[in-house]
Ligand SMILES: Cc1ncc(COP(=O)(O)O)c(C=O)c1O
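Numbering (the numbering used here), first residue to last: 119 to 554.
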């Protein structure tokens, strides 16, 4: 090329959650029954969309204006609905102008980081959902700046370490919270949220809170939305319908902006994000029309509660089965629908394996792991996929040096879920005890 064309952040953009599916597809073609434990899509995993929900959507499908563009920020009546819902809870007051719709939070995330000044950094949790850490790192053209979540303390953030890292890195302008969290399933209590808000206040930072799983909390855990604890700190809350309805194919999510008027620099940043959305025109119209009706439907709360109870139960089944295995650390998920399991560093290495009886599958897996510097957990994940068909995601691909894997609690069929856990348990034991 006459001049360099590759973006400074190109190498930061990886997404192992979807990379591994190409391997799973190949194994499927070779006749291996695959358990897709990698993707957080309840619908693809077989959760049934209730017929009352489909009926609401189908009624909007029959209206002509569902086929038109919507206003750039989103439909006014839907933004009114969301602002009223927030304000009626006594949270930090917002108006419809403080809400911007996006084509799913994936779109919101890339714009929120993409239009931040390149030298300003947002400190992200480690491990973290990679769409955040990769987009943030790509905007800066540098590796992510992060603070640790502690697997020995329920995956709660290490607050002292967060404060230290903020204090000694003047480039940090914002703090990301994901609550409930992907990939760990942890739910932050109000006291921790307040400590993070206090750090933001002390160092004059803004907060981004990804709250897409805010209504998927169980095991009796309690938390608060950011709007309830934010006081006067400038902040963005990210919300959406992908996980909660669930309707991920709608590509519909939004940001709620708190305290924009209290800080002119932050306000200009938000106006830039809105400008970027305007250049793109708008977000999907149909889901914006339908979802307020879905969440107000008399059957919605019951639908949500049933799903919470199932995740709670599957989280307990997994915890009780895996916690007995020596060499791994397991925390029960309290929210969202993921669990992250950590290997003790001394128990995993680059020499372990699982027996794979089909020679074609074995050769595919051995080729895949035969690359320099493959992490021990990626090697484990590939062997597990080849030997058992269980498709996990290596924990190290979530912006952490910890070795382990993330699984989901999404399989709707309890018998099949328990079979999968059975196979997983045996596979982990065999792998860790294999010639190492
Ligand atoms: C924490 C978190 N935020 C955002 C998203 C993406 O949401 P959307 O479907 O709205 O793009 C996901 C998807 O897994 C997620 O786990």
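Backbone N, C-alpha and C define an ideal beta-carbon position, used for all residues, glycine too.
With a cut-off of 7 Å, the C-beta of residue 223 is classified as near ligand 1, since at least one heavy atom of the ligand falls inside that distance. Each of 453, 238, 320, 410 was checked against the Cα of residue 329, and the nearest Cα belongs to 453. Of the candidates 311, 473, 177, 535, the residue whose Cα lies closest to the Cα of residue 505 is 473. Relative to ligand 1, the beta carbon of residue 366 is positioned inside 7 Å of a heavy atom.
Shortest gap from the CB of residue 293 to any heavy atom of ligand 1: 7 Å or more.
Residue environment: residue 258 is assigned as buried (16 or more neighbouring CB atoms within 10 Å of its CB, all protein chains considered). Counting only runs that start and end inside the segment 215-295, the alpha helix (DSSP H) elements of at least 4 residues fall at 222-232, 248-258, 277-285. Shortest gap from the CB of residue 526 to any heavy atom of ligand 1: 7 Å or more. When the beta-carbon positions are compared, residue 511 and residue 156 come within less than 8 Å of each other.
Short of 6 Å from the beta carbon of residue 409, and not among the five residues preceding or following it, lie these beta carbons of its own chain, in chain order: 359. Distances from the CB of residue 314 to the heavy atoms of ligand 1 are all 7 Å or more. Annotation for residue 360 indicates a beta carbon within 7 Å of some heavy atom of ligand 1. For residue 387, the Cβ stays outside the 7 Å cut-off from all heavy atoms of ligand 1.
Of all alpha-carbon atoms in 444, 420, 526, the one lying nearest the alpha-carbon of residue 436 is that of 526. When distances are taken from the beta-carbon of residue 156 to the heavy atoms of ligand 1, even the shortest one reaches 7 Å or more. Scanning its chain for C-beta atoms nearer than 7 Å, with the 5 sequence neighbours on each side dropped, one finds around residue 365 the residues 359, 405, in chain order.
Residue 447: not part of any alpha helix (DSSP H); member of the beta strand (DSSP E) spanning 446-448, first to last residue. When distances are taken from the beta-carbon of residue 247 to the heavy atoms of ligand 1, the shortest one is below 7 Å. In this structure, residue 300 has its CB closer than 7 Å to one or more heavy atoms of ligand 1. The beta carbon of residue 232 is closer than 6 Å to those of 257 in its chain, skipping five residues each way along the sequence.
Residue 213 and residue 276 have their C-alpha atoms roughly 34 Å apart.
Look at residue 336 here: in three-state DSSP terms it is coil, with no helix or strand label. Taken through DSSP and simplified to helix, strand or coil, residue 498 comes out as helix.
Listed in chain order, the alpha helix (DSSP H) runs fully inside the segment 322-393 are 344-347, counting runs of at least 4 residues.
Residue 154 counts as buried, since at least 16 other C-beta atoms from the protein chains shown sit within 10 angstroms of its C-beta. Here residue 168 carries a coil assignment [DSSP, helix/strand/coil]. Residue pairing of residue 453 in beta bridges, as defined by DSSP: 335. Distance check between residue 486 and each of 128, 137, 129 places 137 closest, using alpha-carbon atoms only. By the neighbour-count criterion, in which 16 or more other beta carbons inside 10 Å mark a residue as buried, residue 427 falls on the exposed side. Between the segment 459-477 and the segment 293-309 there are fewer than three C-beta pairs closer than 8 Å, too few to call the two in contact. Closest option to residue 193, judged by alpha-carbon separation, among 180, 211, 217, 173: 217. Its Cα nearest to that of residue 128, the residue 261 stands out among 167, 261, 325, 389. Note that the segment 170-182 does not touch the segment 535-553; fewer than 3 beta-carbon pairs, one per stretch, sit closer than 8 Å. Residue 170 counts as exposed, since fewer than 16 other beta carbons sit within 10 angstroms of its beta carbon. Annotation: the continuous beta strand (DSSP E) that includes residue 524 extends over 522-526. With a minimum length of 4 residues, the unbroken runs of alpha helix (DSSP H) contained wholly in the segment 395-471 fall at 404-414, 418-440.
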